[in-house]
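In this note's numbering, the protein residues as written are 828 to 878.
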């Protein structure tokens with residue numbers, strides 16, 4: 828299953844406190860809204876982010 832996305836997206840993920848999100852982030856730049864932007868560098872298979 829191909830789940831590739833290009834371009835900017837906003838993702839909200841609910842994460843239990845005792846579980847790792849499973850992603851590695853690389854800083855990108857600050858967007859106009861004042862929020863920080865990141866590239867998703869890696870998603871661990873089977874992690875919350877992968878689901």
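In this text, a Cβ means the ideal position worked out from N, Cα and C, and glycines have one as well.
- A direct Cα-to-Cα measurement between residue 851 and residue 843 gives close to 18 Å.
- Rounded to whole angstroms, residue 864 and residue 831 show a C-alpha spacing of 18 Å.
- Secondary structure of residue 874 (DSSP, three-state): coil.
- Assignment of beta-bridge partners to residue 852 by DSSP yields 867.
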